[in-house]
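Protein chains: 2
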Amino acid sequence: MSILAVGSIAFDTIKTPFGTAESILGGSLTYFSLAASHFTDVKLVAVVGEDFGEEQLAAFAGRPIDFAGLERAAGKTFRWGGEYNLNLNSRETLFTELNVFGDFHPRLSAAQREASTVFLANIHPALQHEVLDQIDRPRLTAVDTMNLWIERERDAVLELLRRVDLVLLSDEEARLLSGEIQLPRAGRKILEMGARQLIVKKGENGALFFSPQERFFCPAHPVEDVVDPTGAGDAFAGGLIGYLDHAASWENPPLRAAMICGAALASFGVEDFSPRRLALLNRREIAERIEAIRGLTQVPRVPLWQTGGTG
Amino acid sequence: MSILAVGSIAFDTIKTPFGTAESILGGSLTYFSLAASHFTDVKLVAVVGEDFGEEQLAAFAGRPIDFAGLERAAGKTFRWGGEYNLNLNSRETLFTELNVFGDFHPRLSAAQREASTVFLANIHPALQHEVLDQIDRPRLTAVDTMNLWIERERDAVLELLRRVDLVLLSDEEARLLSGEIQLPRAGRKILEMGARQLIVKKGENGALFFSPQERFFCPAHPVEDVVDPTGAGDAFAGGLIGYLDHAASWENPPLRAAMICGAALASFGVEDFSPRRLALLNRREIAERIEAIRGLTQVPRVPLWQTGGTG
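These protein sequences, in sequence, are chains A and B. Here the first sequence stands for residues 1 to 311, numbered as in the numbering used here. Here the second sequence stands for residues 312 to 622, numbered as in the numbering used here.
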């Protein structure tokens, strides 16, 4: 089993009320693949520039991540800068430099096309479509996107929803796409727009799953010292999709369990600047965090009106 | 079993993006007692003015709510006006007229002092202390408060925390009281300040329980048509405390189950202006909603790395 994952590798500059980090390794695919690599193999497809070297590659060392699909182009790697508010729950983009991503077109090898799962991390929706055009029918396809594409490339995003099995959006993106303010309505509307399954990510407030048959809510781990929320959504996707790929051969791949795995990886991701923490995790601490998150919400049953009561 | 509940009965004027309601029945005690009355008997203690009459009393008709402690004073009933933002997740107070609450001092009868549970809904903390001074040791005491008292009567609020078994705060209030922005830290700090058990209410984002031994997260029901969030926190407290009083004779009163009952009553409360919906509920619909909320988060187990995996 393996995941073909396409997205961005970047240098991020991040300001939070507690500190600043300049030109650190980031990008949706970086966080995703490190998180997913704890459950399955990842074949990544992305482009970097001449400024991406051994130092950056070292962050992935020892992880089952295949770099055969990493294209090196003349010029600089994608760069993004963002600044968080005091609550760390909203941020402003300070700059976006596409650089080598401006001319990128993913071309998949035979091995990549055979991956059991395909994850399209946040990149231009035209590139996401180009990937879907090149693959046969994998077991699972999932897509993430961002506000910018919902605003500028709405039709391409809507078509994507209908081409994949699972859509991941932040709460803000779900509101923007649906035109509905209340998330339970937004979720229903996005299913009506053609999404088969939807997960709305709410950061520290957990994540909601919507399908025509089911609603599920997964809490976030109550992290006491959030250092940098960047990449939390991508790490969530990595834990989720990584687990689903790992479980793809089982009779009923447990989606609820997969979301808890996503929440666990996201919670580790926010404990440090850069994806460093994600790379260094071991199975024992991941399993403990998963059990802690699951344990947060379990209620065996609610015994009602056993002793008479009134009303 | 019964709850002695002290708090406000009010006329509310409420503006939401979807409509306005003028001088409707409201107040923390109104929402609390109607919600709690589905699980146990409520003896309320409050004051109203000459403008409170049969029409308002009719809203409580048929519920096991004892009005012996309702004082009628010369003048007007407490009045509050508020306006919600577009997301219905924050509001501005437009006016507060204390009226008959200005001179109120609760005096408890012998029957009231014997209640198995005491709930102090949001009123001036000096009045909450006056109630605690008059009671013997009930099985459970719980208190709610608001930003205004945390800002103006901080010492009295801090002393209250230490006098009761369970403290309920909104997320905003927990941040204000603790000086901590991140809720997991805020919760820990409020325990350090002397609270024995704390519930932080996050509206549509659920509620978090903190004790020295435990954390529990209870989701909110994903209501698709929120009409008016006023009183949701009080209805939550009513379901929670009502259930705990109902269960007080059991060996292990199930706090997690009680929070789900609180979330269920809160979700009904927001479906209409005024507490009308809460008064008309039947046990079948309450039980169904409780099971729906419980079902939102249940995950039997997370099978991990059964088939090899990597990392």
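We treat Cβ as the ideally placed atom computed from N, Cα and C, and that holds for glycine. Here the structure is a predicted model, which means the values were calculated and not measured.
Within its own chain, the residues whose Cβ lies closer than 7 Å to the Cβ of E92(A), once the five positions on either side in sequence are excluded, are G82 and E83, listed in chain order. The Cβ atoms of I3(A) and G179(A) lie no closer than 8 Å to each other. Within a 10 Å sphere around the beta-carbon of R612(B) sit fewer than 16 other beta-carbons, which makes this residue exposed. Put simply, the CB of E484(B) is far from chain A, with every gap to its CB atoms at 8 Å or more. The beta-bridge partner set that DSSP reports for L592(B) is empty. Of the candidates G498(B), F547(B), H532(B) and N458(B), H532(B) places its Cα closest to the Cα of A603(B). Nearest to K201(A) by alpha-carbon distance, out of A266(A), T20(A), T297(A) and L57(A), is A266(A). Membership of S23(A) in the beta strand (DSSP E) is indicated by the continuous run G19 to G26.
Classified as buried, R499(B) has 16 or more neighbouring CB atoms from the shown chains inside 10 Å of its CB. Residue contact check for N252(A) against chain B: no CB pair falls below 8 Å. Judged by DSSP secondary structure, S178(A) falls within the alpha helix (DSSP H) whose first and last residues are D171 to S178. No Cβ-Cβ contact shorter than 8 Å links M570(B) with A506(B). A direct Cα-Cα distance of roughly 23 Å separates R374(B) from F389(B). A check of alpha carbon separations from A174(A) across E159(A), I199(A), A61(A) and D155(A) identifies I199(A) as the nearest.
When rounded, the separation of the alpha-carbon atoms in V226(A) and R72(A) is 34 Å. Judged by beta-carbon spacing, S211(A) lies beyond the 8 Å limit of A121(A), meaning their Cβ atoms are not closer than that value.
Following the DSSP letters along the chain, one finds A248(A) in no alpha helix (DSSP H), marked with neither H nor E. Between L472(B) and D482(B), the beta carbon gap of about 17 Å keeps them out of contact (Cβ cut-off 8 Å).
Listed along chain A are E224, each with a C-beta nearer than 9 Å to that of R499(B). In the same chain as E515(B), and ignoring 5 residues on each side of it, the C-beta atoms closer than 6 Å to its own belong to A531, in chain order. When DSSP reads this structure, K43(A) sits in a beta bridge with L4(A) and D66(A).
By the C-beta criterion, the segment 443–463 of chain B is judged not to be in contact with the segment 348–360 of chain B, since fewer than 3 inter-stretch pairs fall below 8 Å. Excluding its 5 nearest sequence neighbours in each direction, Q445(B) has C-beta neighbours in its own chain below 8 Å: P417, R418, L419 and R424, listed in chain order. Annotation for D323(B): the continuous beta strand (DSSP E) segment containing it runs A321 to T327. L57(A) is not a Cβ neighbour of P275(A), given a cutoff of 8 Å. In terms of Cα proximity to R284(A), the closest of P253(A), H38(A) and L34(A) is H38(A).
The C-beta of L177(A) comes no closer than 8 Å to any C-beta of chain B.
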